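Numbering (my numbering), first residue to last: -1 to 261. Where a beta carbon is used, it is the ideal one built from N, C-alpha and C, also for glycine. Model, not experiment: these values are computed from the prediction.
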């Protein structure tokens, strides 16, 4: 196993950080790695907001389901899908007028552009995470940033064609401490060949037997098995309902369907 493979195979989410800052050199290495990521059409359909204000970090603890380590992370980056920059550049360059004069279609960002921007942003985020890991800096993704869209939109002054897809916290590993990497589903049920293979009883048995996926769930009755426990922990949890509502609100605004009175 070479150094890159080892970094990828041993990296795990870190939620407790050593009490020391990330140096400017390390910070720039992490950001540089993010910006070197593959990107659709070389357009870099993402923006990164570095969150340095401590009060703002504290507010994110509240809006991201009480995850207190956010406030203690030396480096916090918000990765946005961003079609706003190119849209504004197109308008600035007279593209709508050009289209009108030449009988061409002028198209504003739609759902496909949101998805493409999310891809770009997440690839950049993962590049930053692996670069950080190679420097001995742990990290943790916060998917809850997709909740409370209206509050996050206002906090970060997000324009219409941006979307907060991932919040990432970074910090040095505490001395002598490295969380154990949790197991994953086996390759045989994740990697398909040529066509999608629907899960069957054999796959369900494997999933049920992989206790590392769901055994940490602190759910009492009525959960009777791994499927029920995982559902109650994730898909059926209150945060999932809020995330669903929040993402729908964000997409409505993206598509210009938000009620009047909202920018």
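| Asked | Found |
| --- | --- |
| Distance, residue 130 Cα to residue 174 Cα | 18 Å |
| Residue 31 - containing beta strand (DSSP E), residue span | Element bounds for residue 31: not the beta strand (DSSP E) but the alpha helix (DSSP H), 22 to 33. |
| Bridge partners - residue 79, DSSP secondary structure assignment | 44, 161 |
| CA nearest to the CA of residue 157, picked from 83, -1, 99, 179 | 83 |
| Alpha-carbon to alpha-carbon, residue 164 and residue 241 | 13 Å |
| Exposure of residue 137, with buried meaning 16 or more beta-carbon neighbours within 10 Å | buried |
| Burial state of residue 147, where buried means 16 or more other Cβ atoms lie within 10 Å | buried |
| Contacting residues, own chain, Cβ-Cβ under 6 Å from residue 16 (five flanking each side not counted) | 170, 172 |
| Element boundaries [alpha helix (DSSP H), containing residue 11] | From DSSP, residue 11 is part of no alpha helix (DSSP H); its letter is neither H nor E. |
| Residue 18 classed as buried or exposed, judged by whether at least 16 other C-beta atoms fall within 10 angstroms | exposed |
| Bridge partners - residue 136, DSSP secondary structure assignment | 169 |
| CB of residue 144 within 7 Å of CB of residue 250, strictly | no |
| Distance between residue 23 and residue 183 (C-alpha atoms, nearest Å) | 36 Å |
| Validate contact between the segment 114 to 126 and the segment 29 to 36 using beta carbons, cut 8 Å, 3 pairs | yes |
| Residue 87 burial status per 10 Å Cβ neighbour count (16 or more: buried) | exposed |
| Buried versus exposed, by CB contacts within 10 Å (16 or more), residue 236 | exposed |
| Nearest neighbour of residue 29, chosen from 168, 4, 247 [CA to CA] | 168 |
| Local Cβ density within 10 Å of residue 4, reported as buried at 16 or more and exposed below that | exposed |
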